[in-house]
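Following: one structure in structure tokens, then a few remarks.
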Amino acid sequence: MPDTSRFPLIYIAGHRGMVGGAILRHLLQAGHPAERILTRSHAELDLTDQTQVRNFFARERPDQVYLAAARVGGIHANNTYPADFIYENLMIEANVIDAAFRSDVRKLLFLGSSCIYPKFAEQPITEAALLTGPLEPTNEPYAVAKIAGIKLCESYNRQYGVSHGVDFRSVMPTNLYGPGDNYHPENSHVIPALIRRFHEAKVAGAAVVTVWGSGSPRREFLFVDDMAAASVHVMNLPPTTYAAHTQAMLSHINVGYGEDVTIAELAHAVAQAVGYGGGVAFDASKPDGAPRKLMDSTRLLTLGWQPRVTLKAGLELAYQDFLTTQSLRS
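The sequence shown begins at 0 in numbering that gives the first Met the number 0 and counts up by one.
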């Protein structure tokens, strides 16, 4: 057997989620040996349990950690379960980041969310917009937890970077979609929710599909495999390069597609990808969320990464994943 010990031992927290699964796929496709990747299901390791997490890290002692585990959901889920969203995400972040430090992990990448930025942040949103205004109320608990994750990484770097070689980094993705997404009819994000709704309308022969909100808010969407490539790219940047493009207390990096669309435009694009030929209506009595969220990803583009999957191609791939997911469950 070939010697694989030269490869870092990598732990992916949240490998069954959409982003963690994409990172796992990316590493394997890039030639990283499967035996040098650590994964644990929630049943095997409860990341909200500090003792379990500390014991896992003390036993396995990974070299790198991708912290992609999180409690996630759309507007409805965030409004319905605010306590769950803030508590579980805070516990996951605190437990994993601290246990990583205690077990001499030098490199960790924390995956956040674009919802960390103020509701009315200047567009496109730069990293410097963090903590400059009020958050969108519908997902404030989740956003606060993600901000705490960034600050945990920065604080460990500031206190232990020189003495212990700690190098914990953060990336903030825009709205993600693709293989491994959650297609729950109520607790999913906008693209998987629309894919499910338009598919069911096509099967039922429905004349019209009604979409939440006015359709006017603008959103940016990134295919999850592009996000995985960005995550690995940022993780492997030389420390001097990363430090030259960030600040000690403003160290996170945006990851976006670079263009946004209205929800109305998105709905019609999803309908086309699904093959639904009926009408599309909008229920303006439902919440819109922030009026616009477009990330400024100049920092990451300067560092050599760029997205590859267009929205049209990505939606077609996402629909095929939905069909596969549904067939496996039936």
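Cβ atoms here follow ideal geometry from the backbone N, Cα and C, with glycine treated the same way. Note that the structure is a prediction, hence the values are computed from the model and not measured.
Extent of the continuous beta strand (DSSP E) run through residue i
i	result
L175	174-176
E219	217-222
Residue i classed as buried or exposed, judged by whether at least 16 other C-beta atoms fall within 10 angstroms
i	result
M171	buried
H41	exposed
Q158	exposed
E92	buried
Q246	exposed
A206	exposed
S162	exposed
E34	exposed
K118	buried
Q63	buried
M226	buried
T301	exposed
Heavy atom of the ligand ZN within 7 Å of residue i beta-carbon
i	result
L293	The ligand ZN is absent from the structure shown, which contains no ligands of any kind.
Per DSSP, the bridge partner or partners of residue i
i	result
M171	N253
I340	No answer is possible for residue 340: it lies beyond the span of the chain, which begins at 0 and ends at 329.
A280	T209
L107	V64, F167
D259	E219
K118	Paired residues: none, contrary to the question.
I124	M294
Q325	Answer is none; Q325 lacks a bridge partner.
Q305	DSSP lists no partner for Q305.
Q246	L249
Anticipated Cβ contact below 8 Å, residue i with residue j, distance rounded
i	j	result
G148	A21	Not really, about 19 Å apart at Cβ, beyond 8 Å.
F214	A268	For the record, residue 214 in the displayed sequence is Gly; it is not Phe. No, G214 and A268 are not in contact; Cβ-Cβ is about 12 Å, not under 8 Å.
S250	S169	6 Å
H198	V273	5 Å
G212	K285	5 Å
F84	Y10	Not quite, the Cβ-Cβ distance comes to about 24 Å (not below 8 Å), so this is no contact.
Range of the contiguous alpha helix (DSSP H) that encloses residue i
i	result
Q49	49-59
Q271	262-273
N78	74-79
R24	17-28
K201	189-203
Option in the options with minimal Cα separation from residue i
i	options	result
E135	A289, Q305, P32	A289
M294	Q271, V210, T173, L236	T173
P7	Y65, F109, D287	Y65
M17	D320, D62, Q325	D320
F109	A12, Y141, D287	A12
N94	A68, I115, G72	A68
A343	G160, L299, R218, A280	The question about residue 343 has no answer here: the residues shown for the chain are numbered 0 through 329.
R15	F222, R5, L44	L44
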